[in-house]
Structure formats: structure tokens, C-alpha cells
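Asks:
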DNA sequence: TCCACTTTATTGAGATTGTCAATAGTTACT
DNA sequence: AGTAACTATTGACAATCTCAATAAAGTGGA
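Chains as they are written, first to last, in my numbering: chain A, 1 to 165; chain B, 1001 to 1165.
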């Protein structure tokens, strides 16, 4: 029998809070989701920071680059952010000439957000860095597992009909 | 022929930003993880709020109830929060008599956080509510899928040796 | 057409959260 | 004994969230 705080020789040097993994919260999907996301987010933020971006601005830039020509309201709804936060995000990207506001031809109240050539260029290099850093984290899963995870997360994230399309 | 903004009877009434799901970001595991987490978090916060808690305080309470007797430093490390945030969290729970700070017998610098009887009671009822609301979200997955997801998230979340134990 | 109502982007206030440095008391090392 | 490292705490400051208010533009009747 071992003392609860002791462990065998093969034990990975319990860094102090490891023992809290015995708690009931770690059997909570929402908790694990939050924790996995926190790690992934920290990693992605560090990667994006090497290009002067955060995941937020990186994501907006990615959508702008996609030529979907979203309005700010659509961005707010899709990213689940307050419209006023989109204003700040687009302001910053526009001040760096990575993105441009264009009038929506079908609604003069709305702006449409499009990437500049410079925006496309910095997105390309930022994407390389970010995708690389994510590979590191998701390397804990096999290729098939990643596919399965993506399919599950799409459903949890409320993606429209993941089956069709 | 339908107007692009119109749709068939079976179509889920595209709420405006649905078309952004055609973007490349939705093929990004980190993005989907963040979005799924945002939804789950909002739901859990609403559920916990009916008991005067947030997910943060709910989680700390859950760990306190587990009789693991964590120090504040262990809580900070495990929850990836700054130690000063743990102070605020424990202050609040302690002011509501749900939790108590006890001196760590093995280190007089450290406090150990334990639940009071009242803390156990409110945790029990809060847990019922929160677990219920989570069931609603994760109902998008089958039981086996949830097991698979949990195993994957544990690895991504950095759980120690998910295989043994 | 005129009028009330809604919607889009924007600004700004106030609360919440994240991050960091400094400190008092304690422990660990030599 | 003395130096260095660690724990909890406080306080400052930045970043983020959440809301309300507003101007400009669309919507849908009477």
C-alpha cells in the first residue's frame, strides 16, 4: 500500500496539482472541453502573436480572406461576439491595412469586410505558423481520431447539416 | 427558382450568418473547439446562475467537495488561473459559507480549501441542474460518441496517463 | 406618402476577467 | 545563520464582456 501522496518509481514527478485529476470534474465533458480549449487557445495565440495577431483578429482575417464578403453583423453572429467588438476588431485590422470596409450594395446600412492584398499575404504566413502550432497539440490524436473529433465538434458547435453538403 | 435569401419549407431558415460555415476556419479543430466550448460554457453558466454560481465558482466548489483538500496554488495550477484569481474566487465562496480556508498542516504558508456542509448541499443541487443542462448540449452525440470524445479531450487536456488508473 | 418599428454600425459606460509586480510570512538549502 | 524560492494576498492596469443610446437606413402597414 502506498501513501496517497506517494507513488511508484515510474510516476512522472507529480507537479503538485496532478492529484486533482482524481476529482469528479474531470469526468465532466464541459470541463474537459474548456481545458482542452484553453490549451489550444494559448498555443494559437502565441503562434498568431508572431505575426502581430490574436486568434480573434486572425479568425476575422481568415474569414475576410475567404471572399465571403460578410457584413459586420454576420461576423458578430457567427463568432458569437457583440457587434461593438467587431467594430474594434475591424478597426484594428483596417488601421493595419489588412482589411477594408466596403459598402454593402444591397443594404446601405451595412459594411462588408474584405481582405487587402497585404491582408492575404500576412494571413498566408500567419496561417502556416498557426496551423503548425496546432499540429503540435492535436498530435495527441491519430489522423482518424482527429477526423472523428472534427465531426463531433461540428455537431456540438451547431454547424448546419454536417452530413449533406 | 428561389431568391437566394429564400429557402424551401424544410430548410432551417438560414439565420443570416449560416453561409459563413463555408469558410475555411470551420475546418480548423481549434476553431470548432472554441465554438463548442463557448456554447457549452454559456449553457453551464446559465444553469449555475440559478444557484448563484458561475462555472468558475461551481468548479472550485466541486473540487472542494471532493475532499482532495487542495491548496490555492494547486487550484491555480489545475484550473490554469492566476493565484490572485483564486483568492477572489475562494473569498466569494467563503463569504457565502460554502467553503472554508484551513491551514495546511504540512506547510504553514498554504491554505487548504474545504467545503462546508452548506457548500455540499448547494453543490448537490447545482450539480443536478448543471449536469442536466449539459445533457441537453451533448445530446447531439450518442453515448459511445460521448465516451470517445471524453477520452480524446482528456488527452488534449493533458490528463496524466488516461490509460492506466 | 407618412408613420411607426426594426435593423446596422458605432460610441461609450461599467462590470468582469486577465496579467503582472510587490510584499509578508514561511520553507528549503547550504 | 543566511540566501533563495514559494504561498497567499493586494493593488494596478489592460483586455474583454455586456448593455444602453444613437444616427442612418430599411420595412411594412394605414
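Where is the CB? At the ideal position from N, CA and C, for every residue including glycine.
1) Distance, Cα to Cα, residue 105 of chain A vs residue 158 of chain A?
2) Could you check whether the segment 1015-1022 of chain B touches the segment 1067-1082 of chain B, counting it as contact only if at least three pairs of C-beta atoms, one from each stretch, sit closer than 8 Å?
3) What's the C-alpha gap between residue 1096 of chain B and residue 1065 of chain B?
4) With distances taken from CA atoms, which of B/1112, B/1138, B/1100 is nearest residue 17 of chain A?
5) Nearest-angstrom Cα distance between residue 1119 of chain B and residue 39 of chain A?
6) Between residue 1129 of chain B and residue 1050 of chain B, what straight-line distance do the alpha-carbon atoms span, to the nearest angstrom?
7) If we define contact as Cβ-Cβ less than 7 Å, is residue 1037 of chain B a contact residue for chain A?
8) Just mark residue 59 of chain A as buried or exposed, buried being the case when its beta carbon has 16 or more other beta carbons within 10 Å.
9) By the criterion of Cβ-Cβ separation under 9 Å, what are the contact partners of residue 17 of chain A in chain B?
10) Enumerated in chain order, which unbroken segments of the beta strand (DSSP E) with a length of 3 residues or greater are wholly contained in the segment 126-156 of chain A?
11) Residue 1061 of chain B and residue 1033 of chain B - do their beta-carbons sit closer together than 7 Å?
12) With C-beta atoms as the reference, is residue 1110 of chain B less than 7 Å away from residue 1071 of chain B?
13) Below 6 Å, is the gap between the Cβ of residue 95 of chain A and the nearest heavy atom of the ligand HEM?
14) Quick one, are the C-beta atoms of residue 1152 of chain B and residue 149 of chain A less than 7 Å apart?
15) Just to check my reading of the structure: residue 155 of chain A and residue 1140 of chain B have Cβ atoms closer than 8 Å, yes? What is that Cβ distance to the nearest angstrom?
16) Taking its Cβ as the centre, do 16 or more other Cβ atoms sit within 10 Å of residue 1178 of chain B, making it buried, or is it exposed?
17) Helix, strand or coil for residue 1103 of chain B, going by three-state DSSP, please let me know.
Replies: Taking the structure as given:
1) Your numbering for residue 105 of chain A matches position 105 in the first chain. Your numbering for residue 158 of chain A matches position 158 in the first chain. Roughly 29 Å separates the two Cα atoms.
2) At 8 Å Cβ cutoff, the stretches do not touch.
3) Counting from 1 along the second chain, the entry for residue 1096 of chain B is found at position 96. Counting from 1 along the second chain, the entry for residue 1065 of chain B is found at position 65. In this structure, the alpha-carbon of residue 1096 of chain B lies about 15 Å from that of residue 1065 of chain B.
4) Counting from 1 along the first chain, the entry for residue 17 of chain A is found at position 17. The residue with the shortest Cα to Cα distance from residue 17 of chain A is B/1112.
5) Indexing the second chain from 1 puts residue 1119 of chain B at position 119. Indexing the first chain from 1 puts residue 39 of chain A at position 39. Rounded to whole angstroms, residue 1119 of chain B and residue 39 of chain A show a C-alpha spacing of 30 Å.
6) Locating residue 1129 of chain B in the second chain gives position 129, where the first residue counts as 1. Locating residue 1050 of chain B in the second chain gives position 50, where the first residue counts as 1. Going by the C-alpha atoms only, they are around 8 Å apart.
7) Translated into positions along the second chain, residue 1037 of chain B becomes position 37. Residue contact check for residue 1037 of chain B against chain A: a CB pair falls below 7 Å.
8) Counting from 1 along the first chain, the entry for residue 59 of chain A is found at position 59. Under this definition residue 59 of chain A is a buried residue.
9) Residue 17 of chain A sits at position 17 when you count from the first residue of the first chain. Correct list: 1070, 1071, 1073, 1074, 1075, 1076, 1077, 1078, 1079.
10) Fully enclosed beta strand (DSSP E) runs of no fewer than 3 residues are not present anywhere in the segment 126-156 of chain A.
11) Counted from its first residue, the second chain places residue 1033 of chain B at position 33. Counted from its first residue, the second chain places residue 1061 of chain B at position 61. Contact flag unset, no.
12) Looking up residue 1110 of chain B in the second chain gives position 110. Looking up residue 1071 of chain B in the second chain gives position 71. In contact: residue 1110 of chain B and residue 1071 of chain B (Cβ atoms closer than 7 Å).
13) The ligand HEM is not part of the structure shown, which contains no ligands of any sort.
14) Within the second chain, the letter at position 152 stands for residue 1152 of chain B. Within the first chain, the letter at position 149 stands for residue 149 of chain A. Against a cut-off of 7 Å, the Cβ pair of residue 149 of chain A and residue 1152 of chain B comes out as a contact.
15) Here residue 155 of chain A refers to the residue found at position 155 of the first chain. Here residue 1140 of chain B refers to the residue found at position 140 of the second chain. Yes, residue 155 of chain A and residue 1140 of chain B are in contact; Cβ-Cβ is about 5 Å, under 8 Å.
16) Residue 1178 of chain B is absent from the model: chain B starts at 1001 and stops at 1165.
17) For the purposes of this step, residue 1103 of chain B is taken as residue 103 along the second chain, with counting starting at 1. The answer is strand: DSSP assigns residue 1103 of chain B an E or B state.
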